[in-house]
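Colleague: Here it is: the structure, laid out below.
4 protein chains.
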Amino acid sequence: MTTTVLNDHEKMKTFEELESAVRSYSRGWPAVFERAKGYKIWDTEGNEYIDFFAGAGALNYGHNDETMQEKMIEYIRHDGIIHSLDMGTTTRGAFLESFRDVILTPRNLDYKVMFPGPTGTNSVESALKIARKVTGRDTVISFTNAFHGMTIGSLSVTGNSFKRHGAGVPLHHSVSMPFDDYMEGHDTIAYLERFLEDSGSGVALPAAIILETVQGEGGINAAGMDWLKKVANLCKRWDILLIVDDVQAGCGRTGTFFSFEPAEIEPDIVCLSKSIGGIGLPMAITLIKPEYDQWGPGEHNGTFRGNNLAFLAAQEALTHWETDEFSEEIQEKGKFLRDTINRLIKTYPGLDAQARGRGLMQGIAMGKPELADEICAEAFQRGLIVETSGPKDEVVKFLPPLNIDKEGLEKGLNILEDSIKTVLGQ
Amino acid sequence: MTTTVLNDHEKMKTFEELESAVRSYSRGWPAVFERAKGYKIWDTEGNEYIDFFAGAGALNYGHNDETMQEKMIEYIRHDGIIHSLDMGTTTRGAFLESFRDVILTPRNLDYKVMFPGPTGTNSVESALKIARKVTGRDTVISFTNAFHGMTIGSLSVTGNSFKRHGAGVPLHHSVSMPFDDYMEGHDTIAYLERFLEDSGSGVALPAAIILETVQGEGGINAAGMDWLKKVANLCKRWDILLIVDDVQAGCGRTGTFFSFEPAEIEPDIVCLSKSIGGIGLPMAITLIKPEYDQWGPGEHNGTFRGNNLAFLAAQEALTHWETDEFSEEIQEKGKFLRDTINRLIKTYPGLDAQARGRGLMQGIAMGKPELADEICAEAFQRGLIVETSGPKDEVVKFLPPLNIDKEGLEKGLNILEDSIKTVLGQ
Amino acid sequence: MTTTVLNDHEKMKTFEELESAVRSYSRGWPAVFERAKGYKIWDTEGNEYIDFFAGAGALNYGHNDETMQEKMIEYIRHDGIIHSLDMGTTTRGAFLESFRDVILTPRNLDYKVMFPGPTGTNSVESALKIARKVTGRDTVISFTNAFHGMTIGSLSVTGNSFKRHGAGVPLHHSVSMPFDDYMEGHDTIAYLERFLEDSGSGVALPAAIILETVQGEGGINAAGMDWLKKVANLCKRWDILLIVDDVQAGCGRTGTFFSFEPAEIEPDIVCLSKSIGGIGLPMAITLIKPEYDQWGPGEHNGTFRGNNLAFLAAQEALTHWETDEFSEEIQEKGKFLRDTINRLIKTYPGLDAQARGRGLMQGIAMGKPELADEICAEAFQRGLIVETSGPKDEVVKFLPPLNIDKEGLEKGLNILEDSIKTVLGQ
Amino acid sequence: MTTTVLNDHEKMKTFEELESAVRSYSRGWPAVFERAKGYKIWDTEGNEYIDFFAGAGALNYGHNDETMQEKMIEYIRHDGIIHSLDMGTTTRGAFLESFRDVILTPRNLDYKVMFPGPTGTNSVESALKIARKVTGRDTVISFTNAFHGMTIGSLSVTGNSFKRHGAGVPLHHSVSMPFDDYMEGHDTIAYLERFLEDSGSGVALPAAIILETVQGEGGINAAGMDWLKKVANLCKRWDILLIVDDVQAGCGRTGTFFSFEPAEIEPDIVCLSKSIGGIGLPMAITLIKPEYDQWGPGEHNGTFRGNNLAFLAAQEALTHWETDEFSEEIQEKGKFLRDTINRLIKTYPGLDAQARGRGLMQGIAMGKPELADEICAEAFQRGLIVETSGPKDEVVKFLPPLNIDKEGLEKGLNILEDSIKTVLGQ
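Structural data, given as structure tokens:
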């Protein structure tokens, strides 16, 4: 890596002076980025970084996929429609058909596709609304350390106290229950069931249960397949809608297109965003079982729900799922990642760490939370972009592009190991 | 216009079968659109439409501006960063500097720029949060027929009962007060003031008052400049934050960059989205007076808050505001539109209509609400895209691209007049 | 009046040391009361006071009515049941029958009688619940300067900001609308109607409208009969339940048993408490039109809803209403009170005062709010108990026992006039 | 027992025709009661019943205590003040002093005494308000199967779904946690602690934790002393106010004046009502640690907070607590009751029952819920008044007057055993 000439303050002056104090990533990674390809990203000073962050899971297909780029350029050149709300367009139609043919039909799934505003939180808000409308109930059960978004509806089912407090108002109509493995020796399903079946529990029969199969922001907590099945059964038994927020864990992140596939469950509603747009353009969809698609026209809407460049890239992205190859590669890389994590934990007992997650959504939970931040800072200096998650930011979280090659993975993990050594003073 | 061969059902089959029942525009305008340029848009059958809708105000600069297109293609070709959350990027920096130099400094305005998720409702949610945090109060006063978005926070300050009911839960922490001219002979400012100063009124001192200077979805109700000034004074007197939601009326729609400029007020917070992205790509910013920019890092965030293609087009769009020319042209065209509206109202007394709005955000409110829908449907058949708004969908709403030429305006208005004649049976 | 030997602090030591800071009346009237009869009350030092406060309207029949006393003693002597929840008892049965025969039947009213917990706020809570259950709606409209009680449900429809703030949480599911004559030149009915009929107003169709015909705590604001009729019609037109909170204005206070009788309206629900128990014992009833009495058994309950000593005194109190005499006397005394008030206002222009109220529920609203407190304090020194009300405590409020004789009234009003003179320095 | 001549419908006609459908006890016990003494109660037909219900715990000192009766008669005869809001009166002062001398000082407790409206729910509402005010937080944690009252504030911390649903609106600002022994093998303290210490748990730091040491309506669930201590420690550690709702379990019901004495904890706030008034007259007090008594004057109030006849009886009732004798007798009778319950459970395995509770607040939880109702109905026919509790009404609940003699207890329990035999068909 080349030596930087400017100090951080000089480099980041524009952002420090003009942008709101709410900015966060530009604080931890004080650089001005300019160009990116695949799993690599470069700043204005020519420094190259390996990207184990991938747009917080929005760049599963890496930066600037060649085919997507070409299709976008071609589309722009021919004055393709950029913005269309929910008007019929050729790209919207083509995406819908590909999604049916490549994703839904082969998996025997039947969902209506809703296009909310192009953000994950918007998809979650639409899911909560339709669940409440369909059931006539108001409560939604979410789980400890859940993250579903920052608008008031989604925030009410999010666990993080700093983020909840940011609402500025008490958050209502939600109940937080313990996620899988929340407490050693406590069966969290039994607990949930007890609250549901006891008419004196103080918890009303909910409209829905919403969950992430792997909690991204909450610390890369992966629910067991058995736990997911039990939640699904419980939903069926009590006539509760099951919403899977697959915004971060979906689109192949854990090895299958939907993260819940290995659990063999069929959620009533699925939220997708982040990587659904293929190249990182804003897009979101909400999948709703046909019997629950009881919206009135325009009952939920949003100006940017017709982002056609995103539809175009999204359709191209779906071609990855025409065969099983992509899925198998992810799982293989996931295994390699897990092995390396286990080795690191063993080699560096000073971390007092635990392995977390599955597929290419894994992390190392540090015994001392502050180590995670220090390791990420050190890694950035060495050319690796990787961030923390968890309630105490105690988890180093790995979200490399799914199509990263073995060389890239190894190179990134080597930087990580060097960073660990430095932080531990070895 | 060429005759269509397919019937509506055949054309729209993909959308009817695969998309959620929530879709709305594709019902009223049963066509599959493919290409667009300036104020024109074409469907797959080659039909050409004049666009008086402009992406619900997201396409103030028309479809597919040449310079924006070229910059985007160039950017993509060079692997420019597409997605970056709130990391520092060259395009984000360049936009921030242009926004300061072209918009803020010449208007003597001082705001910190926040990038929330790239939708209007996300900007509004961020505005409500920071207002509540800064004041420590929970209530926000909004106005009758306000529209601020569809996520729970924004929806709570939105007036429309169909949309509110869609929340599926009671909406809290907001009080609805009468907008300017809500009731003939009633001074709505006096009314608002009485509620604020009477400690027995049942209305708590609010964190903020949020308003649109011209209510788009609510029926193109334009507040008077005097009324806006009074609201601003009242906010100062009572130490209430004034939030102007300029998502639809901003970015030049009413003739000045910010819609509130003629009122000579300085809101504490301004929400911008829709046309801020220039070419119709999702983008939103929240402007916050420096003294109120009390966010903690990441206290509000969102995956798509770094949509760099949008920043690129946004920066290009700002060049329109380097001189007064663009603004003057809008006002001139606005005057022409108003004159034509007045003539139509006079010529067709059967409409029992009223003129509404200002700049290039105008409408005709029909005495019989159903006429508005019929006229729009008729206009679509004749090649004009125009939609309704208002609590009873009683207003035909004109939002042509701001750079439409006189010929386009006239052509569109001629189609409108023909449609009126047909509907009235003349 | 005899000179007191102890200073206030010595007298009130027990209360100051042992009782919570929430105590209020014992601050303004620093005396320890011991005995009372009719409109007179004596403290431990033998000082006699004329009572123009009457237990905040709970002692309409004066202190210690002889017949009630005797019946109570007889009842206690014979081991009559004191406490019975809602079990059948002879006294409960007898009260129910008297209430039907003396109150309901002669007025052509048909209500089911509910016994909630024995407080006004409990009656209001029960009224709000049943209205929401029956309509399936959550919003309740109340009026500026309304007072309906201090528990969270009742507080949410109460206007006073100090009291609302005491909730410690935001209050929901209610909308405050302007009471009769709230703003000069503003037709508050037209305003309410506009909000109801405009589907974009931001105010949902409510379950109920709740009102006091004369607002006691809110400043003795008496609604006009025409205004009440219009509210009642509006409720019918929109299928909204009308709740009259007659806790303070009912039981003859304004000259008729129910305060709404002169308006010739028939509320769907009526709340009664305070003087319904005759001698000042805790009791409350909620009257519900049979078609809305859709409670499940025990769906609202309370331990002290069977206060049989109160039922006994209540039944005795109803005998006052067997003929029109009592009602006529109240109205006559009310006229005398009004004439005196008008004379005082005229004679003492320094008060800059307005007359308020009707029947024996009247007040003088002072131009300078602080005068009211000073006059009441002065009056107490001279042997008259009278308190203030209104959002700024600006109203001197007269609530003498309804059976006070002319001599008592005059004596009290003379003390008041002397107090006015002293305060004005005349 | 004598044979009744009237059938139930004839007897209860007045109540069926005139009273609201909300009435409950008069359905299960179709009789009109007239007279009562000690632990006996008689209906109009001369039938005698043993009272194991004691006004739902409001008649701990039995019906019509001679001394209380005499004091009341004397008081009434001398025109003692009946109703006084929170004015100073001799009876209020005397009660305050006795309460300090007999209850607080000997127990080394220091509380300010607040007089809210004279109902348990009113005391709870005042407790919740002051806890929220003092801490500036809004959430209150309550427990599964808690019952705290029927007004909206108290209902929000009550567990029963039928009662909660009766609110007609969603209930906010509360979180329900598992009570002691809620689930076998689950440590509910560890659970609560985990939610508090995890900043991602979705449960905010609460203003207060509210609990009953023995849940009356919830099924006579008695918390262990160790569990109570742990909750109290947890409150201290997290700076949370501990509210003990001793409305039903207090005033000696469990063997000590306060139910929490054996746990050696010192709640920050204590709610008392029911038996505090001695003879069954409405009364309630809220005890607040002096440092938290931060009320403004009148910030919570209520018309009937000065029920002087109740104060008089309350003071007399306190004399029971001047020595330890009364307490020891209760504990002895409690032991006898527990032994009998255990014997019954053993003798009648068909009940598949469990013993519940402590002191003279005990119950038998039936394996088949419907047995409880049948046994109570049978017992009523045989002259024993006893009711059910629990989420499925599965618990036969014993609340005899505390001063019942051994003969009465045995007689009642014999009737119960006969009823069990009949129901089980033995």
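Protein chains in written order, with my numbering: chain A, 1 to 426; chain B, 427 to 852; chain C, 853 to 1278; chain D, 1279 to 1704.
Idealized CB from N, CA, C, for every residue including glycine.
1. For C/G909, collect the residues of the same chain with a Cβ closer than 7 angstroms to its Cβ; drop the 5 residues on either side in sequence, then sort them by chain order.
2. Please compile the residues from chain A whose C-beta is within a distance smaller than 7 angstroms of the C-beta of B/Y451.
3. Contact between the stretch 302-322 of chain A and the stretch 332-348 of chain A: three or more CB pairs below 8 angstroms?
4. Show which residues of chain E have a CB atom less than 9 angstroms away from the CB atom of D/Q1493.
5. My guess is that A/L272 and A/L287 are in contact by the Cβ rule of under 8 angstroms, so how many angstroms apart are they, rounded?
6. Between the alpha carbons of C/S1279 and D/Q1640, how many angstroms are there, rounded?
7. Consider the Cβ of A/L309: report whether some Cβ of chain B lies at a distance smaller than 9 angstroms.
8. According to DSSP, is A/K289 part of a helix, a strand, or is it coil?
9. Looking at the C-beta of C/D1050, does it have a partner C-beta in chain B at a distance below 9 angstroms?
10. What runs of the beta strand (DSSP E), each 3 residues or longer, lie entirely inside the stretch 1602-1689 of chain D?
11. Using a beta-carbon distance cut-off of less than 9 angstroms, what residues from the stretch 603-631 of chain B approach chain C?
12. Please identify, using Cβ separations under 9 angstroms, the residues of the stretch 986-1007 of chain C that lie next to chain B, in order along the chain.
13. With DSSP run on the structure shown, which of helix, strand or coil describes B/L698?
14. Alpha carbon to alpha carbon, how far is A/S126 from B/R782? Give it in angstroms, no decimals.
15. Apart from the five residues just before and just after C/E926, which ones in its own chain have a Cβ nearer than 6 angstroms to its Cβ?
16. Using a Cβ-Cβ cutoff of less than 8 angstroms, which residues in the same chain neighbour C/S872 once the five nearest sequence positions on both sides are dropped?
17. Just the chain B side, please: which residues come within less than 8 angstroms of C/H1172 by C-beta, in chain order?
18. Tell me which residue opens and which closes the alpha helix (DSSP H) that C/A1042 is part of.
19. Taking just the CA atoms, how far does C/D1257 sit from C/K1263?
20. May I ask you to list the residues that DSSP assigns as paired with B/Q641?
21. On the three-state DSSP scale, how would you describe D/M1279?
22. A/R35 by DSSP, collapsed to three states: which one?
23. Distance, Cα to Cα, D/F1425 vs B/G722?
24. Return the residues of the stretch 60-76 of chain A that lie within a Cβ-Cβ distance of less than 8 angstroms from chain B, sorted by chain order.
25. For A/P391, which residues in chain D fall below 7 angstroms Cβ to Cβ?
26. Can you check which of these residues, A/V270, A/F311, A/T256, A/D181, is closest to A/I330 by C-alpha distance?
27. With DSSP as the reference, please indicate the residues paired to B/E445 in a beta bridge.
28. Please list, in chain order, all residues of the same chain as D/T1280 whose beta carbon is under 8 angstroms from its beta carbon, the five residues on each side excluded.
29. So which residues of chain C does D/D1571 contact, with C-beta pairs closer than 7 angstroms?
30. Based on Cα-Cα distance, which residue from B/T577, B/S582, B/N571 lies nearest to B/A649?
31. Mind listing the chain C neighbours of B/H726? Cutoff is C-beta to C-beta under 8 angstroms, in chain order.
32. Look at the alpha carbon of A/T4 and the alpha carbon of A/K421, and state the distance between them as a whole number of angstroms.
33. When the distance is taken between beta carbons, is C/G1054 closer than 9 angstroms to B/S568?
34. For D/T1345, which residues of its own chain have a beta-carbon under 6 angstroms away from its beta-carbon, when the five flanking residues on both sides are left out?
35. Between C/G909 and chain B, is there a C-beta pair that is closer than 9 angstroms?
36. Locate the beta strand (DSSP E) running through D/L1520, then write down its first and last residues.
Modeller: Concretely, from the data shown:
1. G1068, Q1100, R1105, K1126, S1127, L1251
2. L85, D86, M87
3. no
4. Chain labels in this structure do not include chain E; the protein chains are A, B, C and D.
5. 7 angstroms
6. In this structure chain C extends from 853 to 1278, so residue 1279 of chain C is not present and cannot be described.
7. yes
8. coil
9. yes
10. 1632-1636, 1639-1643, 1665-1667, 1673-1676
11. M603, P604, Y608, M609, G611, H612, D613, A616, Y617, R620, F621, D624, S625, G626, S627, G628, V629, A630, L631
12. D990, T991, S994, F995, T996, N997, A998, F999
13. strand
14. 32 angstroms
15. none
16. none
17. Those do not exist, as C/H1172 stays about 33 angstroms from chain B at its closest Cβ, beyond 8 angstroms.
18. 1040-1049
19. 10 angstroms
20. B/N647
21. Note on D/M1279: pLDDT 43, under 50, position unreliable in the model; the coordinate value appears next. In this structure, D/M1279 counts as coil in the three-state DSSP scheme.
22. strand
23. 40 angstroms
24. H63, N64, Q69, M72, I73, I76
25. D1476, S1477, G1478
26. A/T256
27. A/V113
28. Residue confidence is low: D/T1280 scores 46 on pLDDT, short of 50, so the model does not pin down where it sits. Its coordinate-derived value is still stated next. Here the set comprises E1323, G1324, N1325.
29. S872, A873
30. B/N571
31. What B/H726 touches in chain C: nothing, since even the nearest Cβ is about 21 angstroms away.
32. Confidence in A/T4 is poor, its pLDDT being 49 and thus under 50, which makes the residue's placement too unreliable to answer from.
33. yes
34. E1594
35. no
36. 1519-1523
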